[in-house]
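Working notes, structure below.
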Amino acid sequence: MSDRHALLKHLWTNVINANLRPEALSETIAHARSRPDDPFADSGPALERLVALGADPKDICLLMRDAAYNAVFSTLYAIGDPGVDGDDVFMLHEELLTADPSGMEGRPGSSAGGGVSIEDAKQVFPAQHDGRRC
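5 is the number of the first residue of the sequence shown in the numbering used here; add one for each residue after it.
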């Protein structure tokens, strides 16, 4: 990127708003089916379950956009404060999967034990829970 403005435009266009494409849902599902052991392949079956329950794909896209915005914002904030010693952020994306605390590089099952507790989910969705964590 040539400057801050170009980086922010890129993030909005290619990371945040890219989630507004409804075909991205079917692409995610198809990719997960063809490569079920890839990082985050468990997203495909999760999307299928949401659609099967009657979730509007546009609503799912809006939630994915919100998650992308929050991830980008948190990342940019962390780079600025507390920052990185010596601004050592080049090629950091290559280390992201290997930094997964589960050691599973984002593969299916790597989210076990994380996410929202069932107690919290019961408060938000009192009639819809089955004891699993998000």
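Even for Gly, the Cβ is constructed at its ideal location relative to N, Cα and C. Keep in mind it's a predicted model, so treat the numbers as computed, not measured.
Among the options, which one has its Cα closest to the Cα of residue i?
i	options	result
residue 54	99, 73, 10 and 68	68
residue 74	50, 21, 6 and 9	21
residue 26	44, 63, 14 and 10	63
residue 8	38, 72 and 84	84
residue 17	72, 39, 104 and 82	72
For residue i, which three-state DSSP category applies?
i	result
residue 100	coil
residue 115	coil
residue 36	helix
residue 46	coil
residue 26	coil
residue 68	helix
residue 60	coil
residue 77	helix
residue 88	coil
residue 109	coil
In whole angstroms, what is the alpha-carbon distance linking residue i and residue j?
i	j	result
residue 60	residue 89	44 Å
residue 47	residue 32	7 Å
residue 15	residue 57	31 Å
residue 106	residue 99	14 Å
residue 86	residue 79	11 Å
residue 50	residue 113	12 Å
residue 29	residue 115	20 Å
residue 52	residue 70	19 Å
residue 82	residue 39	32 Å
residue 37	residue 13	32 Å
So, are the CB atoms of residue i and residue j less than 9 Å apart?
i	j	result
residue 41	residue 35	no
residue 19	residue 93	no
residue 66	residue 11	no
residue 101	residue 110	yes
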